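Here this note's numbering is used: the first residue of the sequence shown is 2, the next is one more, and so on.
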Amino acid sequence: MFASNKKNKLDFRPDLQGLRAISIALVVLGHAGFSFMPGGFVGVDVFFVLSGFLITSLLVKEINSTGSIDFMRFYARRFKRLLPALAVMLVGSFAVGLSVLSVWEVKSQLASSSYAALWLSNIYFAFSQVDYFNELAKHDLFIHTWTLGVEEQFYFLWPLLLLIIFKFSQKNVTDEQATAQTIFIGISLLFFTSLALSLYWSMQAPKLAFYLMPTRIWQFALGGIIYLKFTAIKKRNGHINIVVNYALLALGLCFIVISALLLTADNVYPGVWALIPTAGAALVIVSGHRLQHKSNLLSHPVLVWLGDRSYSLYLWHWPIFAIGFSLGFKDQLFPIMFMILLSILMAILSYRLIELPFWRGRWSGVKAARIILLSILVMLATSFVFNNKLSSLPEHNINKALSFPKHNMNKALSQQWRADLPIIYRMPCDAWYANSEVQPCVFGDESAAKTVVLLGDSIGAQWFSVLPELFPTPEWRIIVYTKSSCPIVDEDYFYQRIKKIYQVCSDWRAKVITRLKIIKPDIIIMGSGANKYFTAEQWITGSEKIFKSLSQVSRNVFVIPGTPSLGFDGPSCVTRNLSPDGRVNLDGCKVANRLKHVDLVSNYLHRAASLFENVNVIDLNDLVCPDGVCNAISENGVVVFRDSQHLTDSFVKQQIPEIKKRLNKYLMKNE
């Protein structure tokens, strides 16, 4: 992926190292969170094309000269080049994580680290809850190793495929050019098959399309096609006009950089969008054969220097960022610049002390069989340590009483804070994005005199425990309609997790409103997250349409605006600030200025609700973030957030008296 071979000086192209430098810079800037570089992830696509070009050239030359491939030697070189630095990064990141993060945060990385040690993390992430673009990914130290999994799986498969193609048609091959043509046809078929699968899965199963090798191998294949056709062009025509080469270089770089500047997590990716940076990489590679050395911008010594260290920089930058983000250093310029500089320093050390000794130092002469055996042992041992030994790390006893400066002792939660959920989470109320079927959770008798409905996504559902206290049985029947990530706004919503319009949500919402017209509940309490990507106009008009429908079926409609996001994981922060004697630093998990966006959305909801006499907005965010300051733990020792945005059920229950006052004020007014 990031490897180069300078031993053969005739084949070495410094411009390709420069292209690596551009690519790793895009990745690092994108991961750093700079708003001007939302699509920095396209740098990985460039690496894939580069790898396809270089590995195909290496293997085709070997086939032409020997009629076969020395698999032991090939795999040994890959292991020797990539595994040592990877193993050190995994162990080093884990060690640092243990010293600065909570044990829970570190233990949550065990699965990904185990798979990363075996170069299988892309498969793990494809079937896990961690989406490359969601909040969970920002705290996984090893999410970036998915690319190494794809890369190594390509390394394992590619020589086998090329040799099979060559041997299958060997009877019809008479010279080197015919060999190249035969392999070209085989690779082209693979290119189109993989591309078709990638386009299809990008729409139907975007996570699989993003992470898995079969939907990425078309990019490697394109690199191979470039090598084979480029060789043929040189033999027939000598060279392409140098002006054309400059034009190809400029166009290719534009494709890559523009993709990094304009693509975002909302784009279906890879999909058709991946064609742009992939084509850009192809154009740059093609252009470089006549623009080497001083005449090629990409051959500048600084870029070549950075390109040489791109693998180590890729390995180390993300764990440094992830730890920094987990500690709250996100969207802050100076901490981010420090993390970038630290990443470069680690890359320099890794390249000098780990990569070079195994690549060209004393270990470079070890026999292939020994290298492969040792590598397999290292991979298995690393995975075993992560998966078996570290899983027994002790955690803080969260049942221990917490003591606070200037406060009395308070009993801590008796369960994991993340599992501090309302009872409806143990019931089949929510099918999420699986289907649009309405699955209400009902409490109380159908013959009850009055009915109250809770309607919303997971942000609305977090307030459930208020209802049984305010509307007790047998007088009241409680009905819950909830669907995660489904805003109660009558607008099309592009759900980033599934990379398409959340039609299941729209259909479900319409079905629920149809049911409410039949039930005609006495009270409807609704709420949904404020972090949805709607314009101001969409928030207002979409809410107006919902409020109009609800106001026609119920005498009292109460709207609870979405809660603010902490910007970090609440329980992890509290655990990090929990000393062995049970004392918590109350200031360690505070964050100000988190209400700006939710206040805007609250204003939109107020504007929409003002058109309807029986629709009222009950803003509870002053309870969640008193005086505009959010904290993961309250002054009286209750953990407020069970993640970065959702409230613990214990905290919600503590707010019942105040919520009851606010609701009663409107209920008495409407009687």
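Using N, Cα and C, we set each Cβ at its ideal position, and we do this for glycine too.
In this text, all values refer to a predicted model and were calculated from it rather than measured experimentally.
{"Check": "When DSSP labels each residue in this structure, what does R14 get in the three-state scheme?", "Outcome": "coil"}
{"Check": "Give the single residue among K501, D600, A283, Y496 whose Cα lies nearest to the Cα of L51.", "Outcome": "A283"}
{"Check": "Do the stretch 526-536 and the stretch 457-469 meet, that is, are 3 or more Cβ pairs less than 8 Å apart?", "Outcome": "yes"}
{"Check": "So the candidates are G41, A86, L164; which of them puts its Cα closest to the Cα of G68?", "Outcome": "L164"}
{"Check": "Report buried or exposed for Q335, applying the criterion of at least 16 other Cβ atoms within 10 angstroms of its Cβ.", "Outcome": "It is worth fixing the name first, because residue 335 is Phe in this sequence and not Gln. Flag for F335 reads exposed."}
{"Check": "Measuring only the C-alpha atoms, how far is K546 from L223?", "Outcome": "49 Å"}
{"Check": "Can you name, in chain order, every residue of its own chain whose Cβ lies under 8 Å from the Cβ of M214, other than the five neighbours on each side?", "Outcome": "N123, G150, V151, Q154, F155, L158"}
{"Check": "Report the start-end ranges of each alpha helix (DSSP H) in the stretch 220-289 that is 4 residues or longer and not cut off at the edges.", "Outcome": "243-263, 276-288"}
{"Check": "Would K597 be called buried (16 or more neighbouring beta carbons within 10 Å of its own) or exposed?", "Outcome": "exposed"}
{"Check": "By a C-beta neighbour count over all protein chains shown, 10 Å radius and 16 as the cutoff for buried, is A96 buried or exposed?", "Outcome": "exposed"}
{"Check": "Taking 9 Å as the threshold (C-beta atoms), are S351 and R310 in contact?", "Outcome": "yes"}
{"Check": "Report the three-state DSSP secondary structure of W433 (helix, strand or coil).", "Outcome": "coil"}
{"Check": "Which of helix, strand or coil does DSSP assign to Q594?", "Outcome": "The question names Gln, but residue 594 is Asn in the sequence shown. Reduced to three states, the DSSP call for N594 is coil."}
{"Check": "Quick check on the burial criterion: 16 or more other C-beta atoms within 10 angstroms. Buried or exposed for R353?", "Outcome": "exposed"}
{"Check": "Label D623 either buried or exposed according to how many other C-beta atoms from any shown protein chain fall within 10 Å of its C-beta, with 16 as the threshold for buried.", "Outcome": "exposed"}
{"Check": "Whole angstroms is fine: what's the gap from N594's alpha carbon to V640's?", "Outcome": "20 Å"}
{"Check": "Spatial neighbours of F75 within its chain, please: CB distance less than 6 Å, with the 5 preceding and 5 following residues excluded, ordered by chain position.", "Outcome": "P160"}
{"Check": "Pull the bridge partners of L456 from the DSSP assignment, please.", "Outcome": "Y482, M527"}
{"Check": "How about A86 and A118: are their beta carbons less than 9 Å apart?", "Outcome": "no"}
{"Check": "If you measure from the beta carbon of G98 to each beta carbon in chain B, is any gap under 9 Å?", "Outcome": "Looking at the structure shown, chain B is missing, and only one protein chain is on hand."}
{"Check": "Could you spell out the range, first to last residue, of the alpha helix (DSSP H) harbouring V43?", "Outcome": "Counting along the chain, V43 falls outside any alpha helix (DSSP H), and DSSP gives it neither H nor E."}
{"Check": "What runs of the alpha helix (DSSP H), each 4 residues or longer, lie entirely inside the stretch 45-74?", "Outcome": "none"}
{"Check": "Between the C-alpha atoms of S635 and D600, what's the straight-line distance to the nearest angstrom?", "Outcome": "21 Å"}
{"Check": "Compare the beta carbon distance of G289 and L20 with 9 Å and say whether it is the shorter of the two.", "Outcome": "yes"}
{"Check": "Which whole-angstrom value is the C-beta distance of V481 and W540, which I expect to be below 8 Å?", "Outcome": "The pair is not a contact, with the Cβ atoms about 24 Å apart (cut-off 8 Å)."}
{"Check": "Under DSSP, the alpha helix (DSSP H) around N622 begins and ends at which residues?", "Outcome": "622-625"}
{"Check": "Pairing CB atoms from the stretch 32-39 with CB atoms from the stretch 189-203, are three or more of them under 8 Å?", "Outcome": "no"}
{"Check": "Among G325, K230, L455, which one has its Cα closest to the Cα of C430?", "Outcome": "L455"}
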